[in-house]
Amino acid sequence: MRKHEYLLMQDISKSYDGTQALRGVTFSADLGEVHAIVGENGAGKSTLIKILSGAVRYDAGQILIDGKPVSLDSPLHAHQAGIRAVYQEFSLIPHLTVTENILLGRMPHGKLRGWVDWTAAHRRAQDILDGLGFTGIDVRTPVSQLSVSHQQMVEIAKAVAERPRILILDEPSAVLSQEELKRLFALVQQLKSASTLILYISHRLNEVFEIADRITVLKDGEIVGTVRPQDTDEGRLIKMMVGRTLGEFYPKREAKVGGEVLAVQGLSREGAFADVSFSLARGEILGMFGLVGSGRTQVARSIYGAEPPDAGEIRLEGKTIKIRSPRDALQLGIALLTEDRKRDGLVLSCSIRDNISLATLPEVTRWGFLNMHQVDARVQRQVQELTIRPPQIQRLVRQLSGGNQQKVVLAKWLLTHAKVLILDEPTRGVDIATKVDIYHIMSDLADQGVGILLISSELPEILGMSDRVLVMREGRLVGEFTRAQASEEKLLACAAGLLQ
Amino acid sequence: AMAQGKVIRIAMVNFSQCCPYFIGMDKAVKEEAAVYRNIEVISTDANGDAEKLTSDVEDVIAKGVDGIILSGAWLEAAPAALEAIEKAGIPVVLVDRKLKGGNYTSWVGPDNYGIGVQDGQYIAERLGGKGLLVVLRGGPADNSIGLDRTNGMLSVVQKTEIRVEMAPDWGGWSSDGGYKLMENMLAKFDKIDAVFCENDSMCLGAQKAIADAGRSDEMFLCGVDGEKAALVAIMTEGSNYACTGLNNSDQIGRAAFHRLMAILAGAEPPKDTILPSPLITKDNVIKFYNPDSVF
Amino acid sequence: MNASLSVQIRQRLFTRLRRRWADYGFIVAFVILILIAASFSDVFFTQRNISNLFRQIVTNGLISLGMLTVILTGGIDLSVGSIVALSAILVSGLQQQVPVPLAILAAVAAGGLVGIINGVLVAHFKLAPFIVTLATMGAVRGVVYVYSETPQTPSDPTFRTLLGGFVGPVPVAAVIMLICFPLVWSFLNRMAAGRAIVAIGGNQEAVRLAGINVNQHIILAYVISGLFSAIAGVLLAARLGIAQPSVGSGYELDAIAACVIGGAVLGGGGGGAIGTFGGVFTLGLIDNLLNMFNVQTYYQQILKGLIILFAVLARRKE
Amino acid sequence: MNASLSVQIRQRLFTRLRRRWADYGFIVAFVILILIAASFSDVFFTQRNISNLFRQIVTNGLISLGMLTVILTGGIDLSVGSIVALSAILVSGLQQQVPVPLAILAAVAAGGLVGIINGVLVAHFKLAPFIVTLATMGAVRGVVYVYSETPQTPSDPTFRTLLGGFVGPVPVAAVIMLICFPLVWSFLNRMAAGRAIVAIGGNQEAVRLAGINVNQHIILAYVISGLFSAIAGVLLAARLGIAQPSVGSGYELDAIAACVIGGAVLGGGGGGAIGTFGGVFTLGLIDNLLNMFNVQTYYQQILKGLIILFAVLARRKE
Ligand SMILES: Nc1ncnc2c1ncn2[C@@H]1O[C@H](COP(=O)(O)OP(=O)(O)OP(=O)(O)O)[C@@H](O)[C@H]1O
Ligand SMILES: Nc1ncnc2c1ncn2[C@@H]1O[C@H](COP(=O)(O)OP(=O)(O)OP(=O)(O)O)[C@@H](O)[C@H]1O
Ligand SMILES: [Mg+2]
Ligand SMILES: [Mg+2]
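The structure is reproduced here in structure tokens:
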């Protein structure tokens with residue numbers, strides 16, 4: 008054993024525009040280990056790893072690699088030090104191909120330096136994806152045309168391609184489904200045995216317990232402690248993160264399922280899904296499970312009028328309705344929380360207040376003028392209920408941590424008081440404590456008679472929350488399970504097409 | 077006599093300083109003023125914007141000038157500016173452009189219509205009353221300087237059998253504009269006998285276009301202004317640049333300065349003074365050529 | 190505990206100050222300009238000159254308000270200068286046939302109409318705003334010339350004295366403009382439609398999914414721009430006492446510059462009425478000062494460029 | 190299995206066709222224009238007119254190439270027109286003192302220098318490209334007038350005959366421009382620096398995180414723009430045989446229009462050399478046709494606006 012660990016970050020402090028994100032954090036990790044970093048939203052996890060990867064500069068402290076102080080003041084220096092990161096927010100260039108995104112900055116050149124050898128580049132990119140077992144991605148398509156999970160795989164491929172010494176994964180699993188997650192874990196194990204240091208950030212504690220060798224807990228920009236998974240359990244870890252124990256994870260509730268509120272009959276859209284029929288009752292939480300690209304998001308978008316379906320019928324409370332735009336849907340009482348918060352959910356350049364109030368402006372408007380007191384009161388309530396931090400409603404959403412951004416989107420849709428609430432991956436990137444809060448809110452809404460369609464790739468969430476589960480595969484509904492029937496194995500098998 | 081130590085401030089308010097013609101005028105005023113130790117000239121440039129011109133007039137009045145020389149270039153009228161000057165009770169000498177709608181103290185400038193007539197006569201005579209004449213205009217449509225010149229020329233030419241073809245687009249008073257218009261006209265017509273341009277800059281461009289098409293011997297050109305480069309072109313042996321009408325901005329500028337000084341001294345000036353604009357051809361060009369002039 | 194609280198408060202104050210500085214920091218650049226002006230020129234602070242200054246910024250002020258609204262949606266409006274000419278020539282020409290109020294109405298409506306055309310082409314046909322408004326800029330200018338090749342003089346004397354005149358020492362046009370700024374501010378900050386416009390520039394898709402009719406709001410923005418440009422044209426005709434068909438060319442650049450100096454982000458995602466006023470005022474001040482100091486024309490252009498750079502450097506964020 | 194494969198292939202072909210159509214669909218709009226031209230005008234297809242057409246698009250073609258590069262980074266360059274004037278007047282003025290090649294070098298270098306200034310202000314000082322280049326547009330124009338108020342005539346006759354002349358029926362300047370397009374195409378598509386520039390406009394932060402020096406590449410883009418504008422200025426001086434200090438004003442709008450008609454997205458994220466060539470050619474063709482058909486100026490402006498709209502409608506993505 009060496010005397011020192013490979014990576015040592017000493018007394019690191021960082022403040023953004025008045026927010027103290029990190030306060031004298033000292034953190035160390037060694038090669039050949041998977042070191043998880045956990046903590047609440049806004050705890051400073053992303054900030055810590057961004058400092059390590061040269062993406063942001065720190066105010067004070069020192070970083071030592073292999074015992075030697077290094078200056079990581081640009082991404083290039085970090086790359087040269089063998090550090091690569093998959094960031095929480097996508098860092099892809101939408102209109103460029105998969106190949107270029109993977110090989111950005113190190114495209115292979117031919118005989119002449121500076122000239123790109125495209126044939127070699129595409130081959131390289133394909134090889135990298137194949138080597139990682141990420142299939143089904145055409146390297147020549149622009150990444151803007153990929154689904155989020157495929158985009159995430161491109162991100163991972165980009166980071167891993169160079170065989171880094173330190174690989175940082177900031178919530179890589181948030182947009183992956185089971186299948187790809189397994190592939191990712193296999194990859195992590197493989198890198199670990201090749202003595203790579205992997206820093207793994209996640210809000211899914213089961214994952215953390217599965218792959219981490221050590222777990223460091225951050226809270227309010229400070230280290231609470233580092234533990235080994237075998238020395239602790241979920242409850243104790245949560246206590247370290249949150250400062251208290253959490254009550255019931257998934258609220259126990261007596262589903263008071265009422266009459267049908269939404270029904271979909273033979274819904275189809277060319278190239279996305281076909282012949283989807285199901286019904287949702289008042290007070291019911293209907294889970295929808297499926298593998299990546301199985302078409303759940305597309306179904307939700309069609310119901311909501313974001314991309315109207317080609318065929319099929321939608322009934323709301325027994326009446327056949329025609330939805331041509333999201334506006335129609337909202338007016339009828341259907342709301343959709345979109346899956347990709349940055350692309351479809353948030354106006355990053357606007358404040359928390361603007362974002363939360365955006366979908367419900369007409370409710371607080373008289374003669375075209377907004378009642379600012381009312382707006383502020385409503386927004387404040389949501390901010391408190393969902394513990395959005397920092398709780399300053401004037402703050403630009405761009406400056407929030409990922410999880411808090413997700414809460415802002417959720418808050419916006421909760422304000423609509425819809426009869427039918429479609430939640431597409433609602434807890435993506437949200438910390439454990441808030442997740443529990445959200446589950447309780449969902450449960451309360453259901454109790455009030457709201458019909459909830461919950462789309463999620465997180466099996467425990469689907470199983471814990473749903474009264475009934477639908478499974479989609481390749482654009483079709485392939486299974487339906489009651490709460491009692493559903494189990495992790497069955498759902499997975501069904502989604503993979505192994506069960507009829 | 078003026079009191080000892082008194083400084084006379086005058087303003088040279090320009091609508092535009094785009095082109096040598098107007099730059100030359102501005103320079104001439106400044107040069108004349110520089111002879112006197114106690115005369116200060118404030119010069120402004122409105123960049124071709126009528127509103128900025130009015131603002132500039134307001135600004136120099138606020139600065140307390142004793143008199144204004146106003147070069148309106150292709151501006152048709154500036155009632156607000158003239159009214160402001162009138163209200164301030166100071167004299168204004170208009171140069172080159174006689175602005176409509178509003179009172180001015182005195183005007184010094186050329187007779188654009190007359191210059192056109194002169195060119196027209198030359199063209200009609202040299203063509204013997206027939207042939208194809210191409211006309212290049214500067215534009216835009218509300219620019220009556222160009223209109224006057226063309227109409228003056230047409231008043232003569234239309235009495236003959238000469239066929240007139242106007243280029244459909246404006247040349248923007250510049251060589252590159254003239255070049256492009258001529259290029260298109262050359263493509264359209266196989267035989268052109270003469271070219272008239274509303275100013276020399278456009279004609280200089282057109283001359284290049286004709287030369288590039290290898291058709292220099294086919295036609296001759298007539299411009300207006302007496303720009304230095306045009307005089308050189310006329311002087312050049314075997315050149316097809318035939319004539320231009322002198323519109324000497326230097327002379328106009330100097331005359332305007334002295335007119336304003338006379339007014340400030342209490343002289344009662346004639347309302348309008350037309351400066352002579354002789355026709356320049358290769359026979360008399362040497363008289364007008366001054367290698368040191370700006371324009 | 191107490192110490193940390195006071196630190197926190199101090200920190201927060203500091204943050205706020207810093208943010209304000211970024212937002213309005215150019216005010217300093219600006220106060221410096223004014224101080225220089227006041228100390229070197231005895232004319233600058235005369236009532237006459239201040240009144241001039243305000244009159245001179247009316248046109249750009251009004252156009253910039255419309256431009257700001259369009260820029261906030263992520264667009265741009267190059268047709269403003271042509272709309273100024275259209276409305277100026279219409280209001281002058283029409284008052285020979287109809288009563289002045291009607292002529293004004295027609296002129297302003299014409300501006301709104303061009304706005305609708307711009308808006309529909311941008312919103313419904315998803316064409317690039319730059320190209321759409323470049324095309325209408327040319328087309329409208331053509332229409333202006335077709336309507337009248339020669340300058341039009343407003344025939345009604347009250348038109349000029351009323352709109353081109355003064356209330357005490359204050360120009361009427363400046364009063365109108367000064368009223369419009371808080372109006373646009375409230376529209377953008379306190380009205381649902383205004384908030385939607387601001388959000389559209391940040392993320393059009395998110396706004397659409399929030400159940401807001403994006404196209405309608407984009408059209409609205411262009412109509413606002415058309416209306417303000419048309420009002421500017423009417424006031425310009427009243428001020429100058431003449432409307433040339435060639436007036437207003439190049440005004441788009443001034444307006445865009447005012448917005449951007451005031452913090453607007455081309456492509457959407459930033460900007461406001463207060464900042465834009467600062468931008469308009471800065472540009473007007475620069476012109477006024479350069480005249481006051483009798484800077485040589487060519488050097489004026491160079492200096493103006495440098496001052497603009499200085500002004501934006503001073504308000505640079507970060 | 191087999192059937193599905195063929196379906197897949199067919200689908201991919203179709204997608205690709207559709208994409209091509211969106212990218213180059215305006216070629217159709219364009220062929221229609223040419224057909225109209227050919228059938229109604231007997232002059233259009235004369236060698237002389239075609240040669241004219243190519244000569245007329247040289248200036249805009251070269252400037253647009255630089256503009257495209259800047260637009261791809263998400264910027265804009267308004268100073269191109271002033272750079273044209275600067276280089277035209279320098280190359281004409283300097284050749285009275287130094288040999289022609291040196292004069293050309295100096296003129297082109299001056300363009301590059303302005304590009305460096307623009308680039309540094311945009312990249313390092315994080316100022317809005319619109320404001321930076323608006324400021325340099327004014328400042329450089331001022332410098333041009335300070336250098337020479339009067340038009341400069343290139344004194345060396347070979348300068349004109351060489352660069353302003355013809356190779357057979359083909360203008361030398363057109364040849365130079367036609368060479369530049371594939372050059373820029375390869376730069377943008379085949380060279381690492383070009384790809385970085387394209388990427389920067391899509392997501393600057395991502396490029397930075399990939400360890401690429403973003404600032405350097407932004408500066409490079411502005412330098413390229415400066416150089417191409419300067420080359421355009423040199424060729425213009427050679428073609429006209431005279432360089433006026435006022436030349437080039439308004440050229441920026443033509444260049445931006447050409448890029449956007451050719452599919453470039455202001456703010457970055459789309460555009461290429463082939464499309465830009467289409468844009469340049471379309472604009473040149475419109476001008477040429479309107480003149481060939483002897484359309485009156487005002488109607489020309491209106492028609493030109495409409496045709497531009499038609500051209501972009503034809504190439505609209507969806
Ligand atoms: N660009 C920024 N400007 C201002 N504040 C910021 C910025 N980025 C992050 N912050 C603040 O810094 C703190 C730490 O944020 P960070 O992104 O590191 O949290 P995190 O632990 O990754 O949270 P999450 O789990 O939600 O991703 C938060 O309070 C956040 O609001
Ligand atoms: N913008 C797009 N352009 C092209 N194809 C798309 C686009 N969005 C989705 N798709 C494709 O449509 C199919 C359905 O994707 P969808 O996102 O609905 O799946 P999902 O079940 O929600 O899975 P995920 O877990 O990825 O959200 C996938 O094959 C995906 O690649
Ligand atoms: Mg984070
Ligand atoms: Mg999905």
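If you're matching them up, the sequences are chains A, B, C and D in order.
First residue of the first sequence: 8, per the numbering used here; consecutive thereafter.
First residue of the second sequence: 77, per the numbering used here; consecutive thereafter.
First residue of the third sequence: 190, per the numbering used here; consecutive thereafter.
First residue of the fourth sequence: 190, per the numbering used here; consecutive thereafter.
Glycine included, each C-beta is placed from N, C-alpha and C at the ideal position.
Quick caveat: nothing in here was measured; it's all calculated off a predicted structure.
Closer than 7 Å to chain F by CB, residue i
i        : result
C:Gly459 : The chain labelled as chain F is not found among the protein chains of the depicted structure, namely A, B, C and D.
Contact set between residue i and chain C, taken where Cβ atoms lie within less than 8 Å
i        : result
D:Ile450 : Ile320
Beta-carbon gap between residue i and residue j smaller than 7 Å
i        : j        : result
D:Gly263 : D:Gly457 : yes
A:Lys419 : A:Ala366 : yes
C:Leu310 : C:Leu267 : no
A:Arg531 : A:Gly49  : Nothing can be reported for residue 531 of chain A, as the shown portion of chain A is limited to 8 through 507.
B:Ser277 : B:Leu322 : no
B:Leu280 : B:Tyr365 : no
C:Met509 : C:Ala444 : Any question about residue 509 of chain C goes unanswered here, given that chain C covers just 190 to 507.
D:Val242 : D:Gly473 : Val is not the amino acid found at residue 242 of chain D; the sequence shown has Leu there. Yes; because the gap between Cβ atoms is below 7 Å, this pair is in contact.
Residue i, buried or exposed, once every other Cβ within 10 Å from all chains shown has been counted against 16
i        : result
D:Glu507 : Residue confidence for D:Glu507 is low, a pLDDT of 41 falling below 50, so the modelled location carries little weight and cannot support an answer.
C:Pro371 : exposed
B:Cys94  : buried
B:Arg173 : buried
B:Tyr74  : Past the boundaries of the shown model lies residue 74 of chain B; chain B is included only from 77 to 371, so the question cannot be answered.
A:Asn213 : exposed
B:Gly222 : buried
Listed by chain order, chain A residues near residue i by CB distance under 9 Å
i        : result
D:Ile401 : Pro82, Leu83, Leu111, Gly112
D:Ala226 : Here the premise fails: no neighbours, minimum Cβ distance about 34 Å.
Any non-hydrogen atom of ligand 6 closer than 6 Å to residue i Cβ
i        : result
A:Asp347 : No copy of ligand 6 occurs in the structure displayed; its ligands are ligand 1, ligand 2, ligand 3 and ligand 4 alone.
Cross-chain neighbours of residue i in chain B, by beta carbon under 9 Å
i        : result
D:Gln284 : Correct list: empty, because the minimum Cβ distance to chain B is about 16 Å.
Partner residues on chain D for residue i, Cβ-Cβ distance less than 7 Å
i        : result
C:Gln490 : Gly327, Ala328, Arg330, Gly331
B:Asp376 : In the structure as shown, chain B starts at 77 and stops at 371, and residue 376 of chain B therefore has no counterpart that could be examined.
Listed by chain order, chain D residues near residue i by CB distance under 9 Å
i        : result
C:Leu502 : Leu310, Phe314, Leu316
Chain C contact residues for residue i, given Cβ-Cβ distances below 7 Å
i        : result
B:Ala126 : Leu429, Gln433, Val436
Contact list for residue i against chain C, beta-carbon separation under 9 Å
i        : result
A:Lys366 : Reading off the sequence shown, one finds Ala at residue 366 of chain A, where the question assumed Lys. Neighbours of A:Ala366 on chain C, chain order: Leu398, Ala399, Gly400, Ile401.
Neighbouring residues, chain A, relative to residue i (Cβ below 8 Å)
i        : result
C:Ala462 : The premise fails here: C:Ala462 is roughly 16 Å from chain A at the closest Cβ pair, so nothing lies under 8 Å.
Can you list, in chain order, the residues of the stretch 409-437 of chain C whose Cβ is nearer than 8 Å to any Cβ on chain B?
Against chain B - using a Cβ distance shorter than 8 Å - the residues of the stretch 409-437 of chain C are Leu425, Arg428, Leu429, Gly430, Ile431, Gln433, Pro434, Ser435, Val436.
Along the stretch 81-102 of chain B, where does the CB come closer than 7 Å to a CB of chain D? Name the residues.
Taking a C-beta cut-off of 7 Å against chain D, the contacting residues of the stretch 81-102 of chain B are Cys94, Cys95, Pro96, Ile99, listed in chain order.
What are the residues of the stretch 59-93 of chain A that lie near chain D, defined by any Cβ-Cβ distance shorter than 9 Å?
Under the 9 Å Cβ criterion, the stretch 59-93 of chain A contributes Ser60, Gly61, Ala62, Ser81, Pro82, Leu83, His84, Ala85, His86, Gln87, Ala92.
Looking at chain A, which residues of the stretch 384-399 of chain C have a Cβ within less than 8 Å of any of its Cβ atoms?
Hits within the stretch, in order: Arg384, Ala385, Val387, Ala388, Gly390, Gly391, Asn392, Glu394, Ala395, Val396, Arg397, Leu398, Ala399.
Can you list, in chain order, the residues of the stretch 316-338 of chain B whose Cβ is nearer than 7 Å to any Cβ on chain D?
Those residues of the stretch 316-338 of chain B that come within reach of chain D (Cβ to Cβ, closer than 7 Å) do not exist; the list is empty.
Check distances from the C-beta atoms of the stretch 17-42 of chain A to those of chain C and list, in chain order, the residues that come in under 9 Å.
Under the 9 Å Cβ criterion, the stretch 17-42 of chain A contributes Ser22, Asp24, Gly25, Thr26, Gln27.
Note down, in chain order, all residues in the stretch 136-160 of chain B with a beta-carbon under 8 Å from any beta-carbon belonging to chain D.
Flagged: no residues at all.
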